[in-house]
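*Asks:* Below are the structure tokens for one structure; questions will follow.
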Amino acid sequence: MRTLYISFLVGLALLNQVGCQSKSSTETTQTTDDPTTMPALFQRQGELAKTPEWPRTQQKVTELQQAIWKNPGDVKPRLQVAMIYLAEARITGEHPYYYPAILKILDGVLAIDPKNFEAITFKSSVKMSQHQFAEARTLAEKARQINPHNAYVYGVLVDANVELGDYEQAVSMSDKMQELKPSLESYSRASYLREIYGDYKGAIEAMKMAVQAGLPGSEPYCWSKNTLGHLYETTGQLAAAEREYDGILVVRPSYAFALRGKASIQKARRQYPAALATLDKAASIMPEFSFHEEMADMYALQGDKAKALTKYAEVATMLDEDARSGHAVDLELCKLYTASGQLDSALVYGLKEYRKRPKNIDVNHALAWVYFGQKNIAKAQEHVAVAMRTGNKDPELLRRASAIAMAGGRSEEGGKLLAMAKKINPNQLL
């Protein structure tokens with residue numbers, strides 16, 4: 037989900053500030069944490085090991101570990117290691133390893149300095165990435181009390197409020213962030229909020245600003261450019277989307293999400309073998325479950341039910357691994373079991389997620405579609421109304437809302453919703 041990565045961008049921006057507020061050993065209590073227990077850097081494999089920044093990353097972590105040995109009470113190198121690991125988690129997709137490792141490092145910092153702003157903010161970002169949204173918001177609020185003038189903690193609050201369905205509060209936090217520091221991070225959030233409120237033109241404009249604010253070739257720049265491509269794709273502008281994805285791959289050939297974007301374009305053009313090959317290449321770079329899920333969806337589109345079910349089962353195994361490392365995956369399992377036709381299981385996981393965040397658009401969208409599949413149109417209508425309350429114009433949501441309206445006997449409304457979906461994105465496959 038897009039807001040999860042934006043939380044990661046918060047951390048990158050904070051990295052430049054680490055040390056400005058962090059206390060040194062002369063200002064802190066003695067720690068019993070043994071530096072030898074610092075989690076190791078996970079070794080990159082394949083194409084990711086060939087990127088120019090990897091040797092520098094390895095060298096920097098070695099230097100920081102030596103600094104921790106020399107002065108265990110200085111939290112600055114610990115925070116820098118945590119931040120590097122946050123970046124590595126995003127680049128490699130090795131979330132089950134990195135998130136517990138980062139939390140261990142941050143808890144060590146907080147044992148030394150319980151009110152360390154950076155550690156609390158980084159921890160809130162990790163909790164966002166693990167889909168522990170309520171805890172992430174609590175931590176971010178705690179950080180804001182320590183430093184109410186830091187733009188980046190407001191970014192985490194945007195993300196957490198979006199995921200918890202508190203969209204008006206998210207807008208308020210975004211406005212405050214823009215006021216404090218216009219940046220790639222703040223433009224990205226403004227873009228996503230505009231998308232949530234149905235303003236695709238404004239969302240594209242804001243994401244263009246995010247791209248322009250980024251360092252060409254950097255991971256945050258590529259993410260922003262990739263998200264811009266997705267916005268073009270969602271609004272039916274396939275050629276523009278493809279230009280964004282191709283532009284990323286010129287400067288960062290191992291960027292797996294741009295390959296996924298290319299595969300999505302190929303899928304929209306019904307070039308299924310090419311799309312599957314591109315997704316397979318992306319999956320060979322990064323163990324991202326969604327790449328495999330999209331492969332399964334394409335097998336299903338081609339009528340190969342056996343391959344689709346096998347691939348869906350692989351995705352379930354990957355999600356189980358994430359869950360064991362502290363990642364909440366109930367919504368993902370709900371969507372997975374819906375796609376594979378296991379609606380009873382989908383409902384169990386969907387309701388479990390709904391109990392945690394009943395106002396979230398994605399959760400209500402997913403539940404509405406489960407109930408539609410079960411022919412419980414009244415419940416489907418109830419949840420799709422919540423999902424659409426902000427004026428969200430996601431073409432998939434509109435198409436599904438159309439089907440639900442028609443099944444409920446509201447043919448005129450259903451026809452209007454379908455026409456709107458086709459106007460926004462005529463390329464979307466049913």
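Heads up, our numbering is the position in the sequence shown plus 36, with the first residue counted as 1. Yeah, the Cβ is synthetic: ideal placement off N, Cα and C, and Gly gets one too. What you are looking at is a predicted structure, and each value in this text was computed from that prediction instead of being measured.
Quick check on residue 259: buried or exposed, where buried means 16 or more other Cβ atoms within 10 Å of its Cβ?
*Replies:* Buried.
*Asks:* Applying the 10 Å Cβ sphere with the 16-neighbour rule, what's the burial state of residue 251?
*Replies:* Per the 10 Å Cβ criterion, exposed.
*Asks:* What's the C-alpha gap between residue 140 and residue 75?
*Replies:* Straight-line Cα distance between these residues: approximately 8 Å.
*Asks:* Taking only runs of the beta strand (DSSP E) that begin and end inside the segment 351-396, which ones reach a length of at least 3 residues, in chain order?
*Replies:* Complete beta strand (DSSP E) runs here, min 3: none at all.
*Asks:* Compare the beta carbon distance of residue 239 and residue 227 with 7 Å and say whether it is the shorter of the two.
*Replies:* Yes.
*Asks:* How long is the line joining the alpha carbons of residue 384 and residue 370, rounded to whole angstroms?
*Replies:* Answer to the nearest angstrom: the Cα atoms are 8 Å apart.
*Asks:* Taking the straight line between their C-alpha atoms, what separation do you get for residue 82 and residue 184?
*Replies:* Whole-angstrom Cα-Cα distance: 43 Å.
*Asks:* In whole angstroms, what is the alpha-carbon distance linking residue 317 and residue 149?
*Replies:* In a straight line, the C-alpha of residue 317 is about 44 Å away from that of residue 149.
*Asks:* Kindly give me the distance between the Cβ atoms of residue 146 and residue 155, rounded to whole angstroms, as I take these residues to be in contact under 8 Å.
*Replies:* Right, their Cβ atoms sit about 5 Å apart.
*Asks:* Around the C-beta of residue 450, are 16 or more other C-beta atoms found within 10 angstroms, so that it is buried, or is it exposed?
*Replies:* It counts as buried.
*Asks:* What residue range does the alpha helix (DSSP H) around residue 428 cover?
*Replies:* Note, residue 428: premise wrong, no alpha helix (DSSP H); not H, not E.
*Asks:* Short check: CB of residue 428 to CB of residue 201, under 7 Å?
*Replies:* It is not a contact, given that the beta carbons lie outside the stated cut-off.
*Asks:* Who are the Cβ neighbours of residue 379 in its own chain at under 8 Å, not counting the five residues just before and after it?
*Replies:* Taken in chain order, the residues that qualify are 373, 406, 409, 410.
*Asks:* Can the beta-carbon of residue 207 be found less than 7 Å from the beta-carbon of residue 229?
*Replies:* For residue 207 and residue 229, yes; Cβs fall inside 7 Å.
*Asks:* Starting from residue 283, trace the alpha helix (DSSP H) both ways and give me its first and last residue.
*Replies:* First-last of the alpha helix (DSSP H) with residue 283: 274-287.
*Asks:* Verify whether the separation of the beta carbon atoms of residue 195 and residue 245 is less than 7 Å.
*Replies:* In this structure, residue 245 does not lie closer than 7 Å to residue 195 by Cβ.
*Asks:* DSSP three-state call for residue 79: helix, strand or coil?
*Replies:* Of the three classes helix, strand and coil, the one that applies to residue 79 here is coil, per DSSP.
*Asks:* Which of the three DSSP states is assigned to residue 400 in this structure?
*Replies:* Helix.
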